[in-house]
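Counted the way the working numbering counts, the sequence shown spans residues 2 to 1103.
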Amino acid sequence: MQTKHFMWLAAACGLVLAGGVPAVLATPAKAAPNIPMMASAPLITDTVDNNKLVQVNGSKLPVASPKYDAGVLVSSKQLKHMTLLLKRSPDNQARYESYLTQLTTPSSPYFHKWLKPQDLGDKFGPSKQDIAKVTQWLTSQGLSVGSISKSGMMVHFSGNVAAVQMAFHTQLHNYTVNGEKHFANASAQQIPAALSSVVAGVASLNNFFPKAQMKLVGTVKKNSAGHFTRVKNAPGFTNPPGAIATGTEFDVVPADFNTIYNVNPLWAGTAITGSTTPIRGAGQTIAVLERSDVLPVDIAAFRNAFLPADAAGVVSYASVDDGNGTCLDPGTAGGEEEAALDAEWAGAAAPDANITFAACADSDTDFGPFIAAENLLDGINNPPQIMSLSYGGCEIQQGPGEEEVQELWSEAVSDGVTVFVSTGDSGSAGCDQNEEAAASGLAVNGLATTPYNTAVGGTDFDDIGKTATYWSNTNAPNGQSVLGYVPEQTWNDSCASSVLFTLEHGSDGEVFCNTGNGQSFLGTGGGSGGASIIFAKPSWQVGVYGSSAANVRMIPDVSLFAANGLYGHALLFCDSDNGAPCDYDNPDDVFFSSAGGTSFAAPAMAGIQALVDQATAVALGRGGSFYAGNVNPAMYLFGTREYGTQGSPNAGSVAACNSSTTPLAGNNCVFNNITVGDIDEPCFAVTANCFTRGQDAFGVLSLGGSGSLTPAYMATPGYNYATGLGSVNATNLAVASANYNKLGFFDTSFEFLPTAPSDFLTSSATQFPGDGGLDGFAVDGRTDVAMVNPTTGVLTELGMLGSTVDKTVSVGGLPKGYRITAIGDFNGDGISDFALTNPATNELYILLNDGNGATTAYDAGSYPTGWTVVGAARVNSDLMQLVWRNNSTAQVGWWTFGTFTPGAKAGAVGTVTHAASPLLTAASDYTLTIASVGGGDFADFVWTGPNNDLYIWNNNNDGGPIGVPVFTPHYIATFPAGWKLQGAGDVNGDGKSDLLWINSSTNQFGWWLMNGNKIVSTTMRSITAGYSIATIGDFNGDGLVDILFTNAAGNAYLWTSVGNSFQSFVLSDTTGAAVTVPAGAQVIANRLQAVPSANGIFTDEP
């Protein structure tokens, strides 16, 4: 907003605060829920001309090169079930991404408002007219259109090679790579320019499919003494297992896993306060996405051997075909071992969870597990709560297929489904799995890098020479031999490993990989991680201690044990087709299959999530079934609490939660921070990111490239690329998640959810390219900060992600004499706006925000002398209202805003109507604070008096179109001298406002936990002298109150509630540098943490 706009000020014509019926009716208090999403407008406006083309960038695979070319593909060959990906307009995509963010932000009105696939298509998909034009074009090219996904984003079609080549202006060739025969398009796809606003390209015109993420060790035999010994190694395994740690193999079975990762308290029913229900996954379904059948007897044998006898989960092998023949029986040629271990380990921690074995054969160009995922999401039944995928492909080689992955996983989380994907088994060399050395540089698994899946990495145990401390020499009947938590390190089998070359007395990885001994450890093997080259850093990854400052999606998110035997540990599974009979009947001669890989970690984590979901359902009294959607925002919030931020590391917790500190199983850590080892890998000299010396044939991957050695990547305190947030303590994760999710489910009698106030900026991860705030999705469900320079009047907005300032926007100068006196969503679009008053002229303006930092001014008229703004609240309307107080007349009232009429020309001031409430009387010497102590739909009034007495006027929550709500006054207590009420917010997560106090003379902060009009408890904490509360809100979006403290020097700290106390963070930018308030700048105060919102839509279950 520019000051010059105020030349259009209208004459004062506002309605004064007075009794009687207002001149303009307020919005009815119980209006229909605001559904801001509109059907997409058609984007295809030009005639489709096959001679006017645009290229589909990235649609030619790097591997489709002349050196591998084996000739053209036969033109008559039929290609079935290809997938044409469509796309949204930039504005609609931004709204969709913002909606997905708010689905898992407890302070958003859209929290857990899952979308059915048809809703997703209707509200966010391409228009039906555009889809029709696309299908007509496909048909005109001689191609046959099959099914269209309910989201409208994927059109499946078939046709012969000749028709495909003509339609997409490319040639399909055969290629022979590493002895395997494939086909792919030899040049980039091209499509008619007229379709380019809607069509993204064919997801795949090739059959270079993702690979399984496992490393088979071989067969293990348990002898009569209960020891595991290797009886057969995997063919071609470069480095035999146990080469470092010889002797008895302490391999991992489910009982070991559940002890190490603290699952047992959940099973015992002792983890959730107020409940004795065993948490074993009941009510949850996990779908493992596969491209191979299995022998059901193998799955049964594993479950019978290692799960409790009363395991109630059912493994279903029913077809997931959509009725159009898209899901064909894959047989067992596509990776039976992978499929078997997925189905077995998905139930390892969750014996009562149901397992859906969702296997589809690959089509000619489409990956079978993707077909299975789409059919599960589009099916007539509710989708599974959880999906797990254990395959991977090089991100840089995905092409349009990466958009297919993004669309599948985003659709899944929009429907409440949680998706786990393994990161891979080649360390930092994500494009070079199972190779002697890396040739493609630093890379990651493209199936795991979207913001909508949880990427699961792998660890190993750090118990070399100390196995007697952590393992028993005999097995319990369920196979358990571990004694408790075992310290972890990164999983890395290669000569580049700092752990390995140190044990072998090497000076560094590059030196060791070029020695005779070191070359016996060549091979890319280890848990994968690194930086995406496609996806930017999601808002929930910003700022967590240890994270990269680069604006990239970081993986993994979490890790679990996945090693394949180098140090004497691997995982057991049953696949009798590989020669191990899984004969569990003879205790003296028991055979198992033994392997490692993040293929185990992903389904195992899915099993833990089933426990988390059931625990949340039990804690909320909602039975067994619960949909969590994208769990990453919650996990990174827990990670920030545990590790701190870049600007405020939590040194005590970082040390206490270090995996190398034992014992760990009984502590309060959600994550075990792994700080030993790395995931560096050997590489061929003179290849990307490869550091070598002299004429050495091999180097190691380095962040310094060929010029300097900086191993990629080390395990460091806090988040790291090697293991993410670390491994998990399942019980602590379940308890933390239940608390995180409970905000949206307090009382179903209330129509409106509590939402974050002062939310007027979107995060930098979602920038709106067009009209910004239309539809209410330009914000992110977190409180932002507004500051005004008193000299220049310049308004600066800080977009907040917890204590991290994600973006800074200078809005412009306020007109002289005006100040912001309240922040609230006055027009009902979901974005907080500013109320400006001028005490000298008694004029009021409303500045509507668009979510990107732009404002539009509206003249709201004048107000009578003696009245001041208390703040914004919903007193008796769907809309936020402006609450006024007149101490001289001992009155209180509120305005409801009506129609906002834009100015006659761009930039001009518009007008807004308003309606005034009848006035209420309150003693003139009492101070008003707005709260919601009863947790209802409307605001309560809290009064503090000169004699330190406190009263609460309870709102009856009936509201009314123009009437005054009924307030019931209650005397509460006398508060101690020197204390001043600062505001209200939910400290303990019960959905009700608690009272926040300051005593400046004693430098103390305090809070009263409230249950309606009852004081539950009072707590005080010391604060540093000179600090005061600048504003109150919910800066991290968890539904709990956060408090911004500042001092005269501009230093700023954010205190975030953790349920029973507060955690302090320095206000900082994304690099960790402190952010200060400029000298003299005024932070616009908000005094109420949560405001009910009318934007509730859809259902809270799929």
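No residue lacks a Cβ here, since even glycine has one placed at the ideal position from N, Cα and C.
Going straight from the alpha carbon of residue i to that of residue j, what length do you get?
i	j	result
aspartate 987	glycine 831	21 Å
proline 43	leucine 196	11 Å
proline 970	glycine 1013	12 Å
leucine 762	serine 811	12 Å
threonine 866	threonine 838	12 Å
aspartate 772	leucine 504	Confidence at aspartate 772 is low in this model, with a pLDDT of 40, below 50, so the placement of that residue is unreliable and no value is reported for it.
aspartate 353	valine 1078	53 Å
alanine 1086	glycine 1007	18 Å
aspartate 433	serine 529	11 Å
serine 833	glycine 854	11 Å
leucine 1089	histidine 157	51 Å
alanine 618	asparagine 265	18 Å
asparagine 740	glycine 992	12 Å
leucine 710	valine 512	11 Å
glycine 1038	alanine 757	7 Å
phenylalanine 976	alanine 985	15 Å
leucine 86	proline 331	24 Å
alanine 438	alanine 497	10 Å
cysteine 583	alanine 656	42 Å
serine 994	phenylalanine 898	25 Å
valine 701	threonine 450	24 Å
Given that a residue counts as buried once 16 or more other Cβ atoms are within 10 Å of its Cβ, and exposed if not, what is residue i?
i	result
proline 107	buried
glutamate 181	exposed
lysine 981	exposed
asparagine 52	exposed
valine 165	buried
isoleucine 387	buried
alanine 33	In this prediction, alanine 33 has a pLDDT of 27, which is less than 50 and means its spatial position is unreliable; what the coordinates show is noted afterwards. Exposed, since its Cβ has fewer than 16 Cβ neighbours within 10 Å.
histidine 570	buried
alanine 269	exposed
serine 660	buried
isoleucine 381	exposed
histidine 113	buried
arginine 694	exposed
alanine 27	Since pLDDT at alanine 27 reaches only 26, below the 50 mark, its modelled position is unreliable, and the value read off the structure follows with that caveat. The residue in question, alanine 27, is buried, as its Cβ has 16 or more Cβ neighbours within 10 Å.
valine 315	exposed
From the options, pick the residue whose C-alpha is nearest to that of residue i; which is it?
i	options	result
alanine 288	Asn376, Ala550 and Asp363	Asn376
threonine 455	Leu329, Asp322, Tyr637 and Thr333	Tyr637
threonine 475	Asp433, Asp257, Asp367 and Arg554	Asp257
alanine 698	Asn515, Thr491, Asp760 and Ala618	Asn515
histidine 82	Tyr100, Asp131 and Gly326	Gly326
asparagine 850	Pro452, Ser1058, Val780 and Ser473	Val780
proline 966	Ile973, Val943, Gly946 and Leu921	Leu921
alanine 350	Ser1058, Pro452, Asn259 and Thr902	Asn259
glycine 1081	Ala313, Val135, Val795 and Leu1045	Val795
alanine 737	Leu612, Phe968, Tyr100 and Ser482	Leu612
threonine 732	Thr271, Trp410 and Thr48	Thr271
asparagine 446	Cys496, Ser411, Leu390 and Gln94	Leu390
threonine 822	Thr525, Gln1083, Val200 and Ala302	Gln1083
arginine 820	Asp826, Leu621 and Phe835	Phe835
proline 110	Gly829, Gln119 and Ser549	Gly829
valine 943	Ser1065, Ile953 and Gly990	Ile953
What is the C-beta distance between residue i and residue j, in whole angstroms, given that I count them as a contact (C-beta under 8 Å)?
i	j	result
glycine 979	asparagine 1000	5 Å
serine 293	threonine 333	5 Å
serine 1069	serine 654	Contact flag wrong, Cβ pair sits at about 18 Å.
Quiz item: Would you call the segment 785–801 and the segment 870–883 in contact, with 3 or more CB pairs under 8 Å?
Solution: no
Exercise. State whether the segment 590–609 contacts the segment 693–709, with contact taken as three or more CB pairs (one from each stretch) at a distance under 8 Å.
Key: no
Practice problem: Determine contact between the segment 928–939 and the segment 899–907, defined as no fewer than three beta-carbon pairs at a distance below 8 Å. | Solution: no
Exercise. Determine contact between the segment 368–382 and the segment 270–281, defined as no fewer than three beta-carbon pairs at a distance below 8 Å.
Key: no
Quiz item: Does the segment 678–692 come close enough to the segment 424–442 that 3 or more CB-CB pairs lie under 8 Å?
Solution: yes
Quiz item: Are at least three pairs of beta-carbons, each pair with one atom in the segment 628–643 and one in the segment 719–731, less than 8 Å apart?
Solution: yes
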